[in-house]
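S.K.: For what it's worth, my numbering labels the leading residue of the sequence shown as 801, then goes sequentially. Think of the CB as a built atom: it goes at the ideal place given N, C-alpha and C, for glycine as much as any other residue.
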Amino acid sequence: MQPPKPPSPESVLLDLIALVAHLRSPEGCPWDRVQTYASLTPHTIEEAYEVLEAVESGEPGQLRQELGDLLFHVLLYSQIAQEQGHFSLAEVIHGVTEKMRRRHPHLYGPRRKEVAEQVAREGMEGLRNNWESIKRQEKPNNPDQRTSVFDGLSSKLPALHLAYKVQQKMARIGFDWPDPAPVLAKVHEEMQELEQARQSGDPLHIEEEMGDVLFTLANYARHLQVNPEKALRRSTLKFQNRFRYIEEKLGRENLSVHEVSLNRLEKLWQESKKQK
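(1) Using 8 Å for Cβ pairs, my map puts Leu1017 next to Pro1003. What's the rounded Cβ distance?
(2) Are the CB atoms of His873 and Thr897 within a distance shorter than 8 Å?
(3) Can you look up Ser1035 in the DSSP assignment and give me helix, strand or coil?
(4) Between the alpha carbons of Gly974 and Gln968, how many angstroms are there, rounded?
(5) Would you mind stating whether Val820 and Gln879 have Cβ atoms separated by less than 8 Å?
(6) Can you name, in chain order, every residue of its own chain whose Cβ lies under 7 Å from the Cβ of Arg902, other than the five neighbours on each side?
(7) In the structure shown, what three-state DSSP assignment does Phe887 receive?
(8) Taking DSSP as the reference, what is the three-state secondary structure of Gln1103?
(9) Closer than 8 Å by C-beta to Leu960: which residues in its own chain qualify, once you throw out the five before and the five after it? Chain order, please.
(10) Alpha carbons only, please: which of Pro842, Glu1047, Ser1035, His1005 is nearest the one belonging to Leu1068?
(11) If you draw a straight line from the C-alpha of Glu938 to the C-alpha of Gly1001, how long is it?
(12) Between which two residues does the alpha helix (DSSP H) carrying Leu852 extend?
(13) Tell me the start and end of each unbroken alpha helix (DSSP H) in the segment 872-960 that is at least 4 residues and wholly inside, in chain order.
(14) Leaving out the 5 sequence neighbours to the left and right, which residues in its chain are closer than 7 Å to Tyr1020 when beta-carbon positions are compared?
(15) In this structure, does DSSP put Gln968 in helix, strand or coil?
(16) Pull up the CB-CB distance for Leu823 and Asp832, whole angstroms please, since I reckon it's below 8 Å.
(17) If you run the structure through DSSP and keep just helix, strand and coil, what is Asp869?
(18) Might you give, ordered along the chain, the residues of its own chain that have their beta carbon closer than 6 Å to the beta carbon of Asn942, omitting 5 neighbours on each side?
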């Protein structure tokens, strides 16, 4: 006996579209019915981060579930937009399909052979340059509208990642340090300024200088070909895992971290660093 044939992507997508429409209907769920673009935003950000966590976990089942949750949000936004006469899910899908075709001229379009040869010569840098060039061409042709190299860069990104992306933009127009050495010197300079601010006791000045230190460190990471957001996440998770080792070790003795001395915590911390 053959196993049942899995449903097609089209049929399950239509099923989910119908479910979202029902949830938003008068007979649907009170929570879903009152949602707006703004009210969904924090939940969407949380779902996106849960996708990232699932990727890092290496568990395909967890990733499948989190991608489903994120897809549900896409459909919910589109349903709200359709109800308000803004756009439909079909327009969302059609729009991104056409955009991806435009931005891959080495695969689609009349110049694909010519562009493919260029990309073959220039490699990934050629792909990036083509992508950025096409994005600029997609801007409204309005002579009164001043365009910026930062157009399309969301200010809502996590701060460290935003700094990294800003510095990538600067590098592409040549406004950059030639190698890591002067960037490291700049890090030391900013640290000195932070110490001077600390001695001044001015909270706003301290915050400003701390921001400069972090911004410069993000730039140094980029020069070392390290994504600072990813590096910091890994270090933070490593710290958490080591501290969980301490909690588990004390838990076997029916103790909590609040009941032992700092010296005991430090000894367990050093022990945790030896664990895989």
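M.R.: Answer, in terms of the structure:
(1) Within the sequence shown, numbered from 1, the residue matching residue 1017 stands at position 217. Within the sequence shown, numbered from 1, the residue matching residue 1003 stands at position 203. With 8 Å as the limit, Leu1017 and Pro1003 do not qualify as a contact, their Cβ atoms being about 21 Å apart.
(2) The count along the sequence shown starts at 1 and reaches residue 897 at position 97. The count along the sequence shown starts at 1 and reaches residue 873 at position 73. Not closer than 8 Å, so no.
(3) In the sequence shown, the residue the question calls residue 1035 occupies position 235. Of the three classes helix, strand and coil, the one that applies to Ser1035 here is helix, per DSSP.
(4) The sequence position of residue 974 within the sequence shown is 174, counting from 1. The sequence position of residue 968 within the sequence shown is 168, counting from 1. Straight-line Cα distance between these residues: approximately 10 Å.
(5) Here residue 820 is taken as the residue at index 20 of the sequence shown, counted from 1. Here residue 879 is taken as the residue at index 79 of the sequence shown, counted from 1. Yes, Cβ-Cβ distance for Val820 and Gln879 is below 8 Å.
(6) The residue labelled residue 902 in the question sits at position 102 within the sequence shown. For Arg902, where only same-chain residues beyond five positions count, the Cβ hits under 7 Å are Ile934.
(7) In the sequence shown, residue 887 corresponds to position 87, counting from 1. If DSSP states are grouped into helix, strand and coil, Phe887 belongs with coil.
(8) Since the first residue of the chain shown is 801 and the last is 1076, residue 1103 is not available in this structure.
(9) Stepping through the sequence shown from its first residue, residue 960 is reached at position 160. Contacts found: Leu1014, Ala1018, Pro1028, Glu1029, Leu1032.
(10) Your numbering for residue 1068 matches position 268 in the sequence shown. The residue with the shortest Cα to Cα distance from Leu1068 is Glu1047.
(11) Here residue 938 refers to the residue found at position 138 of the sequence shown. Here residue 1001 refers to the residue found at position 201 of the sequence shown. Approximately 48 Å between the Cα atoms of the pair.
(12) On the sequence shown, position 52 is the one that residue 852 refers to. Start and end: 837-857.
(13) 889-902, 912-937
(14) As a first step, residue 1020 must be located in the sequence shown, where it is residue number 220. Correct list, in chain order: Pro980, Val983, Leu984, Val987.
(15) In the sequence shown, counting from the first residue as 1, residue 968 sits at position 168. Residue state, collapsed to three classes: helix.
(16) Reading the sequence shown from its first residue, position 23 is the one you call residue 823. Reading the sequence shown from its first residue, position 32 is the one you call residue 832. Yes, Leu823 and Asp832 are in contact; Cβ-Cβ is about 4 Å, under 8 Å.
(17) As a first step, residue 869 must be located in the sequence shown, where it is residue number 69. Correct three-state label for Asp869: helix.
(18) Within the sequence shown, residue 942 is the residue found at index 142, counting from 1. Only weak support is given to the placement of Asn942: the predicted model assigns it a pLDDT of 49, under 50, and the value that follows is read from those uncertain coordinates. There are no such residues.
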